[in-house]
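J.: Numbering (this note's numbering), first residue to last: 25 to 252. After the structure tokens below, expect a handful of questions from me.
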Ligand code: ADP
């Protein structure tokens, strides 16, 4: 069945930035390229999936609980029959971003690429969670602006540095304190807290389940599971 007049009207008034390549932050290097829009719209895909695509962007110090909460959140979604995907920390650095290190420039590029990939996942109507330290406010805001309004949900996974350091799940703080890891966020590289995240989860005060439930409830209240 083709799109209804109403859905076409909605589409043309709420075109995602995917239909408007001009609005990306930096112009592409190539000149002779053409953007291909499809006949099937994002709204068509969302209707078929019974959910709205979005990017749930976790940010926080190493050891704050981004991966742990993201994985629990993914389980909760699956139990409810929702399609989701988690883009997580180091995995991306083994493939897509294996040419990048941890200098400020490389961190910028790391987040930019992850943002573009997450945007494509969301456009495919997938609830996409990213679990990266993403320490710079500008980098996170640059991802926010390429996403259609209301579909970028910044979640500050917050635990005090001393709590993260005492957890030290990968032994990285110990190495950083010993001077073995240069530019380690929170120790020798900055972490810029979100100014107004959609959600802040204190993982030192609430357990993993409670934190994951809060994210689910946020999406539920804003109609991400309710597609007309
Ligand atoms: P990050 O992905 O932010 O680097 P991880 O999820 O890998 O952090 O590690 C967080 C550690 O903290 C894990 O060992 C986890 O079991 C523990 N932890 C304790 N309480 C919580 C909580 N409420 N939420 C998330 N993780 C928690």
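Here a beta-carbon is modelled for each residue, glycine too, at the ideal position from N, C-alpha and C. Note that the structure is predicted; figures quoted are calculated from it, not measured.
Please determine, among 143, 178, 196, 146, the residue with the shortest C-alpha to C-alpha distance to residue 158.
T.: Residue 178 is the option with its Cα nearest to residue 158.
J.: Anyone know if the C-beta pair for residue 208 and residue 202 falls short of 8 Å?
T.: Going by C-beta atoms, residue 208 is not nearer than 8 Å to residue 202.
J.: Whose C-beta lies closer than 8 Å to the C-beta of residue 75 among residues of the same chain, with five residues either side of it excluded?
T.: The answer, listed in chain order, is 106, 107, 149, 151, 248, 249, 251.
J.: Terminal residues of the continuous alpha helix (DSSP H) containing residue 120?
T.: Careful: residue 120 lies outside any alpha helix (DSSP H) and carries neither H nor E.
J.: Give the straight-line distance between the Cα atoms of residue 95 and residue 112, rounded to the nearest whole angstrom.
T.: Rounded to whole angstroms, residue 95 to residue 112 spans 9 Å at the Cα level.
J.: What is the DSSP secondary structure of residue 64, counted as helix, strand or coil?
T.: Correct three-state label for residue 64: coil.
J.: With DSSP as the reference, label residue 2 as helix, strand or coil.
T.: For the chain, the structure presents residues 25 to 252; residue 2 sits outside this window and is missing.
J.: Shortest alpha-carbon distance to residue 80 belongs to which of 126, 66, 67, 224?
T.: The residue with the shortest Cα to Cα distance from residue 80 is 224.
J.: If I measure Cβ to Cβ from residue 90 and keep anything under 6 Å in the same chain, skipping five residues before and after, which residues do I get?
T.: If we look at residue 90 and ignore the five residues flanking it on each side, its Cβ neighbours are 82, 84, 155, 181.
J.: Which same chain residues end up closer than 8 Å to residue 70 when comparing Cβ atoms and leaving out the 5 residues on each side of it in sequence?
T.: So the list reads 76, 77, 149, 251, once near-sequence residues are dropped.
J.: To the nearest angstrom, how far is it from the Cα of residue 56 to the Cα of residue 243?
T.: Using only the alpha carbons, I get a separation of about 40 Å.
J.: Inspect the CB distances between the segment 162 to 174 and the segment 130 to 144 and report whether three or more fall short of 8 Å.
T.: Taking 8 Å as the limit for Cβ pairs, the verdict is that the segment 130 to 144 does touch the segment 162 to 174.
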